[in-house]
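Colleague: When you line the sequence shown up against the working numbering, it's residues 883 to 1339, in that order. Mind having a look at this structure? Questions to follow.
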Amino acid sequence: MKNILTGILLTLTIIFSAGCASPKQDEVKTIDKKEYAEKVKKEFLHAWNAYKKYAWGQDALKPLSKTAHNWYGESLLMSPVDAFDTMFLMGLKDEAAEAKKIILEKLDFDKDLKVQNFEITIRMLGGLISCYMWDGDKQFLDLAVDLADRLMPVFNSPTGMPYVFVNLKTGETSGNINNPAEVGTLLIEFGALSKLTGKTEYYEKAKKAMMGLADRATDIGLVGTTINIETGEWINTDCHLSGMIDSYFEYLLKAWLLFGDEDCKLAWDKTIIAINKYLADETAEGLWYSHVNSVTGERLRTQFGALDAFFPAVLALGGDLERAKQLQDNCFKMWTDYGIEPEQYDYKAKKVLSEGYYLRPENIESAYYLYHYTKDSKYLEMGETYLNSLIKYCKCEEGYSHLESVLTKEKSDNMESFFFAETLKYLYLLFDDEASLKFDDVIFNTEAHPYKKEMLK
Ligand code: DMJ
883 MKNILTGILL
893 TLTIIFSAGC
903 ASPKQDEVKT
913 IDKKEYAEKV
923 KKEFLHAWNA
933 YKKYAWGQDA
943 LKPLSKTAHN
953 WYGESLLMSP
963 VDAFDTMFLM
973 GLKDEAAEAK
983 KIILEKLDFD
993 KDLKVQNFEI
1003 TIRMLGGLIS
1013 CYMWDGDKQF
1023 LDLAVDLADR
1033 LMPVFNSPTG
1043 MPYVFVNLKT
1053 GETSGNINNP
1063 AEVGTLLIEF
1073 GALSKLTGKT
1083 EYYEKAKKAM
1093 MGLADRATDI
1103 GLVGTTINIE
1113 TGEWINTDCH
1123 LSGMIDSYFE
1133 YLLKAWLLFG
1143 DEDCKLAWDK
1153 TIIAINKYLA
1163 DETAEGLWYS
1173 HVNSVTGERL
1183 RTQFGALDAF
1193 FPAVLALGGD
1203 LERAKQLQDN
1213 CFKMWTDYGI
1223 EPEQYDYKAK
1233 KVLSEGYYLR
1243 PENIESAYYL
1253 YHYTKDSKYL
1263 EMGETYLNSL
1273 IKYCKCEEGY
1283 SHLESVLTKE
1293 KSDNMESFFF
1303 AETLKYLYLL
1313 FDDEASLKFD
1323 DVIFNTEAHP
1333 YKKEMLK
């Protein structure tokens, strides 16, 4: 009898405590997310206020010397343009209004400046289109059109693939050795502009550039690192997920998802098969992606890095959640092994190849995507780690800085505008529970500017 009673009591205790535990746990998670979203916002303000204090109206803050930096000698207001939609999503109304005011009053592209088409497209054109989509003021769109028209001469090459540089005033182009990232990461921005203005030329030119690469993929379906855009000849045949190629892969998938462009889907389908066949490296310690020769498929280096860490997000967006989860586990490990991630890493030798950390967002971006798709709280915990590491190692008296070395944690005097546009936005959105933005309603450009699908039909 005693045993029976004890059994009943135990069962009741389990049922009772289980019944109480689950809402409590949910409650705790919700409170944590809100709290962390607020913490990220606070850090955004720490960085933004420093920019305002020492670099207002210039491209970027140099946080250690407390001076300003302009990419091309004269300011193109890179930080305000890149940061605007983050402030909008964070509900920082006063800051967003100040940024809007200076952009609309001061931003002028009629300047004799030789600019890099890719960076200006993803940050400035990409940012202005997003400003228009979220704020609604047509003056943002007018600025985007003016800028795009000044960039358009880059496409006047024999192959249609863009030159690297263009002068904003004269339209003079230069730089015939380009790379897949700079050739094939233009269609989301130029395509969106076509949809918003009805002027089809932007879409056509940027798509021709992207297809110029897809059509020149090697027999095994890969691309190299550099290409002569006048002859179409590959110069460097190293294929990888890192800088100079990365966002070309991303835009094949995203252009299909955003515009329903079947040619992009076809190219993406072929490319992802080749990437998983040749670059993927299933090691005893999980999945990595390596460097290979794009012609032969031969593995060249077991090298991965901070930029490559965008790929779990792309895998997840493309529907391959299993590989996405496996790779993200290693991306996170690459971060925690050093307290913060290195720029380049040899995953076989477990050796840092390039020591810097440049406030990059990709690892965080992937955790955000994976949390969206899985709702697994481990990705929130990753977010907590990212935030704590940023505060511990990169926060300065005024703003946030790059690290010269993740080994020594020595700081360096830079704070790129993508820290506002991407790093802090993805971190905020990870904790924000879709309150400011519904993941499925947007496609992010590679600078984390979210484009509303409904406006681009
Ligand atoms: C950003 O400018 C973009 O995300 C680009 O695609 C890669 N590099 C930086 C961030 O690391």
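All residues carry an ideal CB built from backbone N, CA and C; glycine is no exception.
When burial is assigned at 16 or more other CB atoms within 10 Å of the CB, is glutamate 909 buried or exposed?
Modeller: Note that glutamate 909 has pLDDT 44, beneath the 50 cutoff, so the model's placement of it is unreliable and the number below is only indicative. Exposed is the call here.
Colleague: Using the beta-carbon of each residue, find all residues closer than 5 Å to any heavy atom of ligand 1 and list them in chain order.
Modeller: Taking each Cβ in turn, the ones that pass are Ser1129, Arg1242, Phe1300, Thr1328.
Colleague: With DSSP run on the structure shown, which of helix, strand or coil describes proline 1332?
Modeller: Looking at proline 1332 - three-state DSSP - the assignment turns out to be strand.
Colleague: Using a Cβ-Cβ cutoff of less than 6 Å, which residues in the same chain neighbour alanine 950 once the five nearest sequence positions on both sides are dropped?
Modeller: Correct list, in chain order: Ala937, Gln940.
Colleague: Could you check the C-alpha separation between histidine 1254 and aspartate 1322 for me, to the nearest Å?
Modeller: Cα-Cα distance, rounded: 10 Å.
Colleague: Lysine 1320 to threonine 1079, Cα distance in whole Å?
Modeller: Lysine 1320 and threonine 1079: Cα-Cα distance of roughly 25 Å.
Colleague: Spell out a yes or no on whether the stretch 1071-1086 and the stretch 1020-1029 are touching, meaning 3 or more CB-CB pairs, one atom from each, closer than 8 Å.
Modeller: Short answer: they touch.
Colleague: For a quick check, are the C-beta atoms of threonine 1100 and valine 1177 less than 8 Å apart?
Modeller: In this structure, valine 1177 lies closer than 8 Å to threonine 1100 by Cβ.
Colleague: Can you tell me the Cα-Cα spacing of threonine 1184 and tyrosine 1268, whole angstroms?
Modeller: For threonine 1184 and tyrosine 1268, the distance between alpha carbons rounds to 25 Å.
Colleague: Between Leu1135, Gly1066, Gly1125, Lys1152, which has its C-alpha nearest glycine 1346's C-alpha?
Modeller: Examination of residue 1346 is not possible in this model, given that the chain is present from 883 through 1339 alone.
Colleague: For the putative contact between lysine 1291 and leucine 1285, defined by C-beta atoms under 8 Å, what is the C-beta separation to the nearest angstrom?
Modeller: The Cβ separation is near 6 Å, so the contact holds.
Colleague: Applying the 10 Å Cβ sphere with the 16-neighbour rule, what's the burial state of methionine 1006?
Modeller: With 16 or more Cβ atoms within 10 Å of its Cβ, methionine 1006 is classed as buried.
Colleague: Compare the beta carbon distance of threonine 1003 and glycine 1114 with 8 Å and say whether it is the shorter of the two.
Modeller: It is not a contact, given that the beta carbons lie outside the stated cut-off.
Colleague: Among residues of its own chain, excluding the 5 on either side of aspartate 1315, which ones have a beta-carbon nearer than 6 Å to its beta-carbon?
Modeller: So the qualifying residues of the chain are Lys915.
Colleague: Please classify glutamate 1336 as buried or exposed, where buried requires at least 16 neighbouring CB atoms within 10 angstroms.
Modeller: Glutamate 1336 is exposed by the Cβ-count criterion.
Colleague: How do the stretch 964-979 and the stretch 920-930 stand: do at least 3 beta-carbon pairs fall below 8 Å, yes or no?
Modeller: Touching, per the Cβ criterion.
Colleague: Which residue from Met1093, Val1065, Leu1033 puts its Cα closest to that of leucine 1075?
Modeller: Among Met1093, Val1065, Leu1033, the Cα nearest to that of leucine 1075 is on Leu1033.
Colleague: With a cut-off of 8 Å, do at least 3 Cβ pairs link the stretch 982-1000 to the stretch 1040-1054?
Modeller: Contact between the stretch 982-1000 and the stretch 1040-1054 is present, because at least three Cβ pairs lie under 8 Å.
Colleague: Restricting to runs no shorter than 3 residues, where is the beta strand (DSSP E) found entirely within the stretch 1027-1073?
Modeller: For the stretch 1027-1073, whole beta strand (DSSP E) runs of length 3 or above, ordered along the chain, are 1047-1049.
Colleague: Is it buried or exposed, lysine 1215, if we count other Cβ atoms within 10 angstroms and call 16 or more buried?
Modeller: Exposed.
Colleague: Please report the distance separating the alpha-carbon of tryptophan 930 from that of alanine 981.
Modeller: Cα-Cα distance, rounded: 11 Å.
Colleague: Does the pairing of the stretch 1295-1309 with the stretch 1046-1058 give three or more beta-carbon distances under 8 Å?
Modeller: Too few Cβ pairs lie closer than 8 Å, so no.
Colleague: Within the continuous beta strand (DSSP E) that includes alanine 1162, where are the two ends?
Modeller: That run of the beta strand (DSSP E) goes 1162-1165.
Colleague: Apart from the five residues just before and just after serine 1039, which ones in its own chain have a Cβ nearer than 7 Å to its Cβ?
Modeller: Taken in chain order, the residues that qualify are Tyr1045, Ile1111, Glu1112.
Colleague: From the DSSP output, in three-state form, read off serine 1236 for me.
Modeller: Here serine 1236 sits in strand by DSSP.
Colleague: Give me whichever residues DSSP pairs with cysteine 1013 in a beta bridge.
Modeller: BP columns for cysteine 1013 are empty, so no partner.
Colleague: How many whole angstroms separate the CB atoms of leucine 943 and tyrosine 954, which I take to be in contact at a CB cut-off of 8 Å?
Modeller: Contact flag wrong, Cβ pair sits at about 17 Å.
Colleague: What are the boundary residues of the beta strand (DSSP E) that arginine 1205 is part of?
Modeller: From DSSP, arginine 1205 is part of no beta strand (DSSP E) but of the alpha helix (DSSP H) over 1203-1218.
Colleague: Short check: CB of glutamate 1298 to CB of leucine 1241, under 8 Å?
Modeller: Closer than 8 Å, so yes.
Colleague: To the nearest angstrom, report how far apart lysine 1293 and glycine 1057 are at their CA atoms.
Modeller: Their backbone Cα atoms lie some 32 Å apart in a straight line.
Colleague: With respect to the beta strand (DSSP E) encompassing tyrosine 1227, which residues constitute its N-terminal and C-terminal limits?
Modeller: Its beta strand (DSSP E) spans residues 1226-1228.
Colleague: Between proline 1035 and the rest of its own chain, which residues show a CB-CB distance below 7 Å, the 5 nearest in sequence each way excluded?
Modeller: Here the set comprises Val1048, Gly1053, Thr1055.
Colleague: Tell me the rounded alpha-carbon separation between aspartate 1258 and aspartate 1028.
Modeller: Those two C-alpha atoms are separated by around 44 Å.
Colleague: Give the single residue among Leu986, Gly1221, Gln1208 whose Cα lies nearest to the Cα of threonine 1256.
Modeller: Among Leu986, Gly1221, Gln1208, the Cα nearest to that of threonine 1256 belongs to Gln1208.
Colleague: Give the straight-line distance between the Cα atoms of glutamate 1280 and threonine 968, rounded to the nearest whole angstrom.
Modeller: Using only the alpha carbons, I get a separation of about 20 Å.
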